[in-house]
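Trainee: Pasting in a structure now, in C-alpha cells, and then I'll have a few things to ask.
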Amino acid sequence: MKWIQRDQYLNWLIDWKDKPVIKVVSGVRRCGKSELFKMYRHHLTHNGVGDDQIIAINFEDLEFEHLSSYRELYEYVTSRLTPGRKSYVFLDEVQHVESFEKAVDSLFIKDDVDVYITGSNAYFMSGELATLLSGRYVELKMLPLSFKEYCSAEGSQGKSRETLFNEYVTRGSFPFIVNTGIGDQQAKEYVRSLYDTIVVRDVVERLKVADVPTLRRITQFLLHNIGSRISVKKIADTLTSAGNKADQKTVAKYLKGLTDSLVLYSAPRYNVKGRHLLTTHGKYYAVDMGMRNALVKTKDSDIGHILENVVYLELLRRGYDVYVGDVDDGEVDFVAVSPGETQYFQVAATTLEESVLERELAPFGKIRDNYPKTLLTLDALFGDADYDGIRKKNVLDWLME
C-alpha cells in the first residue's frame with residue numbers, strides 16, 4: 004500500500020525531533036496516525052538513526068497485548084534502550100494501557116529517550132497525563148485527508164477538481180478509502196463500520212451508555228444539522244416530540260462523548276464586538292463528510308452546509324481556533340484565530356444572484372476591525388473578486404493553497 008504524503012504532519016514531527024517534550028498525536032480512529040509514525044520512522048532511518056534505536060509498539064496489535072499495564076510497558080521499553088545512544092519510542096494507541104501516563108512520564112525523564120504517543124480520542128489527554136506533564140508535551144491534532152492531500156493521492160490523476168471534490172464529500176476522506184480504491188458502496192460500508200467501532204469503544208463503553216438507540220438518534224440529529232445552531236434543550240425537545248423522550252442531562256452526556264470521540268467537532272459562538280465566547284447555541288461539524296453521507300440522507304440543498312463543514316475542518320488543519328461569529332443580530336460563519344492573527348470567513352455555494360451576494364456580505368459590514376475577510380463559494384466563472392476589501396475566492400482554489 005502506497006503512502007499518501009501528509010507533509011504538514013510529517014514536518015511537524017521533524018521540527019520537534021529531539022526536543023525535550025513528549026510528542027502527542029491525537030485524532031479520530033483511522034485518520035492516519037499509525038501511517039504517519041511509519042513515515043516518520045522511515046525518515047529517521049534514512050537520516051542516520053539505526054533500527055536498534057527505534058522502539059515501536061502499536062497497542063491494537065495482539066503481539067503487544069501482554070503490555071496492558073504501565074509497569075509491564077515500562078520494563079519492556081527500558082530493556083530495549085540502547086545505552087549511550089538516542090532511543091526513539093513510539094507508543095501507538097497508548098490509551099489501551101492502564102495508567103499509561105506513569106510509564107510515559109518515567110520514559111520522558113530518562114536521558115536520550117525521545118517519546119512519541121498517539122491516541123484516538125480527546126479525553127486520553129485530559130486526565131492525569133495532562134496534569135502530570137503540564138508544559139512538557141506538545142500535541143498535533145490530526146484529521147483525515149484534506150482535499151489537497153486527497154487530490155495528490157494515487158488514482159486521482161486525470162479527473163477534474165469538481166469530480167474529485169464530489170468524491171471527497173461523498174465517499175469520504177479516510178486514507179483507507181483512497182488507498183484501496185474501493186467502490187462507493189464499499190466506502191459507505193467502511194465508514195459505517197468505522198463509526199460503529201468508534202461509538203462502541205469510545206462512547207458506549209467509556210460512558211457505560213445503556214440507551215444506545217438514543218445515542219444514535221442524537222448522532223443522526225447532529226449530522227443532519229451540521230452548520231445549524233444547536234442547544235442541548237433543542238436536541239432533547241426534538242427527540243421528545245418524535246416520541247423518543249430524552250432528558251437534557253443525558254443529551255449533554257452523550258454530546259460530550261461524541262465530541263470526545265472526535266466524530267463531531269464543536270464550534271462555539273464568539274461575540275465579535277465584545278471579544279468573548281458565548282456559552283450557548285454553538286454549531287457542530289462532522290469529522291468526515293463520507294461518514295455523514297453514510298449515516299443520514301442528504302439533499303441537494305445541503306451543499307452550503309457541506310461546504311461549511313469542509314472549510315471548518317480546513318481551518319483547523321491550518322492551525323486556527325474556529326468560532327461562529329455573532330455580529331449585531333447577524334452571524335459570520337467563521338472567526339478563525341491563531342496567535343497574532345484573526346480572519347473572518349463566509350461560505351456559500353454560490354453568490355451569483357445579487358440578493359444572495361448582498362446577504363453574504365452584510366455580516367462583514369458590521370465588523371469594525373480591519374482583519375482579513377473572505378467569502379468562499381463554488382463560483383468559478385469570473386475568478387476572484389474584491390468588494391471594498393472583502394475577498395471573494397473559489398473554495399476549491401482556497402482548499403488547494
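If you want this note's numbering, it's the position in the sequence shown, counting the first as 1, plus 3. The C-beta atom is built at its ideal place from N, Cα and C for all residues, glycine as well.
1. Does DSSP put I306 in a helix, in a strand, or in coil?
2. Assign V215 to one of two classes, buried (16 or more other C-beta atoms within 10 Å of its C-beta) or exposed (fewer than that).
3. Measuring straight from C-alpha to C-alpha, what distance separates V212 and D387?
4. Mark H308 as exposed unless 16 or more other C-beta atoms lie within 10 angstroms of its C-beta, in which case mark it buried.
5. If you check the beta carbons only, do R474 and E192 fall under 8 angstroms apart?
6. Going by DSSP in three states, D336 sits in which element: helix, strand or coil?
7. Can you list, in chain order, the residues of its chain whose CB lies under 6 angstroms from that of Y119, leaving out five sequence neighbours each side?
8. Taking H284 and S234 to be in contact with their CB atoms under 8 angstroms, please state how far apart those CB atoms are, rounded to whole angstroms.
9. With respect to the alpha helix (DSSP H) encompassing D291, which residues constitute its N-terminal and C-terminal limits?
10. Out of curiosity, what's the CA-to-CA distance linking S358 and D332?
11. For D117, is the classification buried or exposed, using 16 other Cβ atoms within 10 angstroms of its Cβ as the cut-off for buried?
12. What's the gap between the Cα of L144 and the Cα of A59?
13. With DSSP as the reference, label P271 as helix, strand or coil.
14. Among the candidates G184, T85 and L70, whose CA atom is the shortest distance from the CA of K5?
15. Between which two residues does the alpha helix (DSSP H) containing A106 stretch?
16. State buried or exposed for E2, treating a residue as buried only when at least 16 other CB atoms are found within 10 Å of its CB.
17. Inspect the CB distances between the segment 292 to 305 and the segment 322 to 337 and report whether three or more fall short of 8 angstroms.
18. By the DSSP assignment, the alpha helix (DSSP H) with S196 in it spans what residues?
19. Could you tell me the alpha carbon to alpha carbon distance between V202 and S264, rounded to whole angstroms?
20. Using 8 angstroms as the Cβ pair cut-off and three pairs as the minimum, do the segment 290 to 298 and the segment 336 to 351 touch?
21. Would you identify the three-state DSSP class for R33, choosing helix, strand or coil?
22. When you compare the CB positions of N274 and D336, do they come within less than 8 angstroms of one another, or not?
23. Please give the ranges of any alpha helix (DSSP H) in the segment 203 to 279, keeping only runs that are unbroken, at least 4 residues long and fully inside the region.
24. Straight-line CA distance for V52 to Y79?
25. Assign K162 to one of two classes, buried (16 or more other C-beta atoms within 10 Å of its C-beta) or exposed (fewer than that).
26. Looking only at its chain, what residues have a beta carbon closer than 6 angstroms to the beta carbon of L84, apart from the 5 residues adjacent to it on each side?
27. State buried or exposed for E165, treating a residue as buried only when at least 16 other CB atoms are found within 10 Å of its CB.
28. What three-state label does DSSP hand M42 in the structure shown?
29. Please name the residue, chosen from K259, E96, T81 and E101, that lies closest to S72 on a Cα-to-Cα basis.
Mentor: Straight from the coordinates:
1. Here residue 306 refers to the residue found at position 303 of the sequence shown. Correct three-state label for I306: helix.
2. By one-based count along the sequence shown, residue 215 stands at place 212. Exposed.
3. The count along the sequence shown starts at 1 and reaches residue 212 at position 209. The count along the sequence shown starts at 1 and reaches residue 387 at position 384. Each residue's Cα considered, the two are about 49 angstroms apart.
4. Here residue 308 refers to the residue found at position 305 when the sequence shown is read from its first residue. The residue is buried, with at least 16 neighbouring Cβ atoms inside 10 Å.
5. Because residue 474 is not part of the residues shown, which for the chain are 4 to 404, the question remains open.
6. In the sequence shown, counting from the first residue as 1, residue 336 sits at position 333. Strand.
7. Counting from 1 along the sequence shown, the entry for residue 119 is found at position 116. Taken in chain order, the residues that qualify are K26 and F93.
8. Counting from 1 along the sequence shown, the entry for residue 284 is found at position 281. Counting from 1 along the sequence shown, the entry for residue 234 is found at position 231. Their Cβ separation, rounded to whole angstroms, is 5 angstroms, which keeps H284 and S234 in contact under 8 angstroms.
9. Position 288 of the sequence shown holds residue 291. It is not in any alpha helix (DSSP H) - D291 carries neither H nor E in the DSSP assignment.
10. For the purposes of this step, residue 358 is taken as residue 355 along the sequence shown, with counting starting at 1. For the purposes of this step, residue 332 is taken as residue 329 along the sequence shown, with counting starting at 1. Distance between the alpha carbons of S358 and D332 is about 19 angstroms.
11. Counting from 1 along the sequence shown, the entry for residue 117 is found at position 114. Buried.
12. In the sequence shown, residue 144 corresponds to position 141, counting from 1. In the sequence shown, residue 59 corresponds to position 56, counting from 1. The sequence as given places Lys at residue 144; Leu does not occur at that position. Their backbone Cα atoms lie some 20 angstroms apart in a straight line.
13. Reading the sequence shown from its first residue, position 268 is the one you call residue 271. Strand.
14. Here residue 5 is taken as the residue at index 2 of the sequence shown, counted from 1. The residue with the shortest Cα to Cα distance from K5 is G184.
15. Counting from one through the sequence shown, the residue named residue 106 turns up at place 103. Element bounds for A106: F103 to F111.
16. Residue 2 lies beyond the residue range present for the chain, which begins at 4 and ends at 404; the question has no answer from this structure.
17. Taking one beta carbon from each stretch, the segment 292 to 305 and the segment 322 to 337 have fewer than 3 pairs nearer than 8 angstroms; the two do not touch.
18. As a first step, residue 196 must be located in the sequence shown, where it is residue number 193. Counting along the chain, the unbroken alpha helix (DSSP H) around S196 starts and ends at D187 to I201.
19. What you label residue 202 is simply residue 199 of the sequence shown in a count that begins at 1. What you label residue 264 is simply residue 261 of the sequence shown in a count that begins at 1. For V202 and S264, the distance between alpha carbons rounds to 8 angstroms.
20. The segment 290 to 298 vs the segment 336 to 351: no contact.
21. Working through the sequence shown from its first residue, we reach residue 33 at position 30. In the structure shown, R33 sits in coil (DSSP, three-state: anything other than H, G, I, E or B).
22. Here the question's residue 274 lines up with position 271 in the sequence shown. Here the question's residue 336 lines up with position 333 in the sequence shown. No; because the gap between Cβ atoms is not below 8 angstroms, this pair is not in contact.
23. Entirely contained in the segment 203 to 279, the alpha helix (DSSP H) runs reaching 4 residues are, in chain order, 215 to 227, 235 to 244 and 251 to 263.
24. Within the sequence shown, the letter at position 49 stands for residue 52. Within the sequence shown, the letter at position 76 stands for residue 79. One C-alpha to the other measures close to 21 angstroms.
25. Mapped onto the sequence shown, residue 162 falls at position 159. Answer is exposed; the Cβ neighbour count stays below 16.
26. Indexing the sequence shown from 1 puts residue 84 at position 81. Excluding sequence neighbours, L84 sits near S90.
27. Position 162 of the sequence shown, counted from the first residue, corresponds to residue 165. E165 comes out exposed.
28. In the sequence shown, counting from the first residue as 1, residue 42 sits at position 39. Reduced to three states, the DSSP call for M42 is helix.
29. Within the sequence shown, numbered from 1, the residue matching residue 72 stands at position 69. Ranking K259, E96, T81 and E101 by Cα distance to S72 puts E101 first.
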